[in-house]
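Residues in the sequence shown are numbered from -17 upward in steps of one, following my numbering. Where a beta carbon is used, it is the ideal one built from N, C-alpha and C, also for glycine. Just so you know, these numbers come straight off a predicted model, no measurement behind them. Scroll down for the structure; my scribbles are underneath it.
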Amino acid sequence: MEYFDFKDGIKLSRLGMGNMRLPMKPNSEEIDYEKSQEIIDYAMANGINYYDTAYVYSKGDSERFLGFAMKKYKRDSFYLATKWHYDANPNYKEVFQEQLKRLQTDYIDFYLIHCLTDSNMDKYIASGGIEFFMEMKRIGKIKYLGFSSHAGVETLKRFRDYTNWDFAQLQINYFDWMYSSTKEEYEILRERGIKTFVMEPVRGGRLASLNEDASRLLKASKPNFSIASWALRFVRGLDNVGVILSGMSSLEQIMDNVNTFNDDYCLNDSDKKLLFKACDIFHKSLSIPCTGCRYCLDDCPIEINIPAYLKLFNEYKISGYDALEDKDEIKTVGHPKDCISCGACMGLCPQKIKIPEILEELKNLLKE
Ligand code: SF4
Ligand code: SF4
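Below, the structure is given as C-alpha cells:
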C-alpha cells in the first residue's frame, strides 16, 4: 500500500475505504454486516488505514456498522472520518454526540462539514456549527477539521477562506476534470496548501466500464490494468491529492483497488493523453451532440427550451437519475410532455438530432 505524510507525523494510506456503498441484505435497506466485515477485514489486512463515513450514509447504519466492525482493531491502528450535514439535522451538538456513540469512540480523527453547495454555505456559516467543531478540535474530540464540497468555484473560494481548514474533500475524476470545473476547484485548494482528499474517483462506478471503443484503446496500451484502475491512477498522480476514497461494495472491487495501490506506476504524459482520448470517445458515445446553437427554437410552436432539455438528458446519461433533479431550474414555456412531434425543430438542427424522440424519452424519465 502507498502512504503519504499528512501532518504531525501521520501517514495515511492513499486508498481510503468509503463506507457509502456497503453490501446490503437482499431486498432490504439494511447493511449486510457479514459481507461488509469481510471487506473491512481485507482493507485492514492490506494496509488501508482511513475509513470514511457520514451521519446520513445508509440512514445512520454506515456509522453504526463501522463502530461495530472496527471494535476488534486497536483504536490507534486506523483513522475514522465522518461528517455533519446541516439539512439532515441542524443540531450539530446532538449529531456529534450520536456519532461518537454510533462509532463507539470518544474522538473522531477527521471531521468534515458535509456536502457544501452554493445553496447551503450561508446556513453552515450562520449555524455556529463550524465554531463548535473547532472547539471540539481544541479539546481533542476532533483531530482534524475539513469539509467536503460540491459547490461552485465562488462558493468554494469563500468557504475555503472562512477558517484554517486542515483538509478538504472534492469529487475528482478524469471525466469531471475534462468536462466540469473540477480542475479549477482543485487549484483553489492547492493555492492555499489545503490537502485535497478525493471522493468519486471512479464517478460512482461509472468509469469502471467504458464503451467498447474507449475500453479497447486503454486495454491495448495496458492489458493488465483494469478500466477502474486508470481512474484511480489519474487522481493518484495529482500532487495535492491525499487520500483517494473508493466506496467499495465487494471483495472483488477492493482487491482490484488494493492491487492498483500496491504498484507505484504513475500515468505518464502519453498515458494521460490516451486516457483523455478514451474519455472523449466515451463522452461522445453517451451524449447527444447538441452544440447549444438554439436554431431549433425559432419554429417550436410550444416554446420548449430544447437545448436545455438535451443538456439535462446528457447529464442523465452520464450521472444517472440524480441529474434529473435539475429539471426545475430550466427556464421554459413548454415541457417535454407538451411536444406535439411536429418535427419543425429537426429541420432547423444542423446536427440532425431526433429531438422529438429524445423529448419523448425524457417525458417518460421525468414521469410527466
Ligand atoms: S417536435 Fe416538439 S420540440 Fe420540435 S418543434 Fe415540434 S413541438 Fe417543438
Ligand atoms: S439546433 Fe440542434 S444543435 Fe442547435 S440547440 Fe437545437 S438541438 Fe442543439
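- prompt: With a cut-off of 8 Å, do at least 3 Cβ pairs link the segment 253 to 273 to the segment 226 to 238?
  reply: no
message: Please classify residue -14 as buried or exposed, where buried requires at least 16 other C-beta atoms within 10 Å of its C-beta.
response: exposed
task: Rank 218, 290, 110 by C-alpha distance to the C-alpha of residue 311 and give the top, closest one.
output: 290
- request: Give the secondary structure of residue 135 by DSSP, where H, G and I count as helix, E and B as strand, and everything else as coil.
  value: helix
- prompt: How do the segment 168 to 185 and the segment 141 to 155 stand: do at least 3 beta-carbon pairs fall below 8 Å, yes or no?
  reply: yes
task: Taking only the alpha-carbon atoms, compute the straight-line gap between residue 244 and residue 27 and give it to the nearest angstrom.
output: 13 Å
- prompt: Per DSSP, residue 126 forms a beta bridge with which residues?
  reply: 92
message: Please state whether the Cβ-Cβ distance between residue 268 and residue 313 is less than 8 Å.
response: no
query: Beta-carbon separation of residue 135 and residue 182 under 8 Å?
result: no
task: Please specify which runs of the alpha helix (DSSP H), each continuous and at least 4 residues long, are wholly inside the segment 143 to 199, giving them in chain order.
output: 156 to 161, 164 to 172
message: Using the three-state DSSP reduction, which class does residue 61 fall into: helix, strand or coil?
response: strand
field: Where the beta strand (DSSP E) through residue 315 begins and ends
entry: Neither: residue 315 is in no beta strand (DSSP E) and is coded neither H nor E.
- request: Give me the Cα-Cα distance between residue 98 and residue 9, rounded to the nearest whole angstrom.
  value: 32 Å
Environment of residue 120 [buried if 16+ CB atoms lie within 10 Å]: exposed
query: Can you tell which of -17, 81, 236 has the C-alpha that lies nearest to the C-alpha of residue 210?
result: 236
- request: Give the DSSP bridge partners of residue 298, in chain order.
  value: Its beta-bridge partners do not exist; DSSP assigns none.
query: CA-CA distance, residue 69 and residue 324?
result: 44 Å
- prompt: Helix, strand or coil for residue 229 per DSSP?
  reply: strand
task: Please list, in chain order, all residues of the same chain as residue 138 whose beta carbon is under 7 Å from its beta carbon, the five residues on each side excluded.
output: 131, 167, 170
- prompt: Are the segment 326 to 336 and the segment 268 to 281 in contact at 8 Å, needing three or more beta carbon pairs?
  reply: yes
task: Report yes or no: do the segment 41 to 49 and the segment 76 to 90 share at least 3 C-beta pairs separated by less than 8 Å?
output: yes
message: Judging by CA-CA distance, which residue of 36, 23, 79 is the nearest neighbour of residue 52?
response: 23
- request: Identify, in the order they occur along the chain, each residue of the same chain with its Cβ nearer than 6 Å to the Cβ of residue 282, setting aside the five sequence neighbours on each side.
  value: 327
- prompt: What are the boundary residues of the beta strand (DSSP E) that includes residue -2?
  reply: -3 to 0
message: Is residue 329 a contact residue of ligand 2, with contact defined as CB to any heavy atom under 7 Å?
response: no
- prompt: Would you say residue 281 touches ligand 1, meaning its beta carbon is less than 7 Å from a heavy atom?
  reply: yes
message: Does the beta-carbon of residue 335, which I'm using as the reference point, lie nearer than 7 Å to any heavy atom of ligand 1?
response: no
field: Residue burial classification, residue 329 (beta-carbon count within 10 angstroms, cutoff 16)
entry: exposed
field: Distance between residue 48 and residue 208 (C-alpha atoms, nearest Å)
entry: 28 Å
- prompt: Considering only the beta carbon of each residue, do residue 306 and residue 347 sit closer than 8 Å?
  reply: yes
task: Identify the continuous alpha helix (DSSP H) that holds residue 360 and give its terminal residues.
output: It is not possible to answer for residue 360, since the shown part of the chain is limited to -17 through 350.
query: Can you name, in chain order, every residue of its own chain whose Cβ lies under 7 Å from the Cβ of residue 239, other than the five neighbours on each side?
result: -3, 214, 228, 230
query: Quick one: is residue 303 buried, meaning 16 or more other Cβ sit within 10 Å of its Cβ, or exposed?
result: exposed
field: For residue 42, the three-state DSSP class (helix, strand or coil)
entry: helix
Unbroken stretches of the beta strand (DSSP E), 3 residues or longer, contained in the segment 208 to 293: 223 to 229
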